[in-house]
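Down below is the structure, laid out as structure tokens.
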Amino acid sequence: MPDYEVILQSDIDPLGRMGDVVKVSAGYARNYLFPRRLAVVADAESRKRIDKLRARRAAEDAKRLEELHAVAAKMQGVELQIEAATSESGQLYGSVGAREIAAALEQKGFQVPERDVRLEHPIKEVGAFPVKIHLRGQVSAEIKVFVTEVKKSS
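Going from the sequence shown to our numbering is simple: count from 1 and add 1.
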């Protein structure tokens, strides 16, 4: 059976990204890629259509990247204060993790998923800590988290 040269219409691991022209077996193309509309035969008309889609996607990606850089610039240098219960020696009961930092960022107006808060390990003591917030690709910001002890009422 001869191989088919197809144009991918969406990203498929490990074949490639949308718009890539790849060679696949005839059975894989007919039985999997074509019925799911993941690829089309690489003819002249399909190449023109995919080139337009690729250009539109590049423009959308550039706009999204610009927006992310703007968010990163606003977020850069943000300082958060998180109160936590401590022992007499200054150690936290528990720790401050990505969940608490994401919640504090949300209160400041930044919607950041927990998974984008990059901590090497949870914070377990009072002090100031730099924390990296990963937005996407190479775009990130560094914030400062101040962990203080909860004011004890007498």
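Note that CB positions come from ideal geometry on N, CA and C, so glycine has one too.
DSSP state of residue i mapped onto helix, strand, coil
i, result
"R100", "helix"
"K53", "helix"
"R58", "helix"
"R6", "What sits at residue 6 in the sequence shown is Glu, not Arg. E6: strand per DSSP, three-state reduction."
"G28", "helix"
"A105", "helix"
"E121", "coil"
"A85", "strand"
Beta-carbon proximity of residue i to residue j, cut-off 8 Å
i, j, result
"M76", "I124", "no"
"I13", "L54", "no"
"A105", "L81", "yes"
"G28", "I51", "no"
"L69", "L136", "yes"
"V79", "K109", "yes"
Residue span of the beta strand (DSSP E) that contains residue i, given as start and end
i, result
"Q77", "Premise fails: Q77 is in no beta strand (DSSP E) and is neither H nor E."
"P131", "G128 to R137"
"V148", "V140 to E150"
"A40", "A40 to V42"
Among the options, the one whose alpha carbon lies nearest that of residue i
i, options, result
"Y94", "V23, L34 and V148", "V148"
"A85", "E126, R31 and A43", "E126"
"V23", "S11, V7 and P15", "V7"
"G128", "K145, Q10 and R116", "K145"
"V42", "Y5, E121, H122 and P114", "Y5"
"K152", "L66, G91 and S26", "G91"
"V132", "F111, E68 and I102", "I102"
"V97", "D62, A74, H122 and D117", "H122"
"Q139", "K49, F111 and L66", "L66"
"R116", "S26, S141 and G17", "S141"
"Q112", "I83, A63 and A73", "A73"
Residues sharing a beta bridge with residue i, DSSP
i, result
"Q92", "E126"
"G17", "I13"
"V113", "DSSP, once it has assigned bridges, lists no residue as partnering V113."
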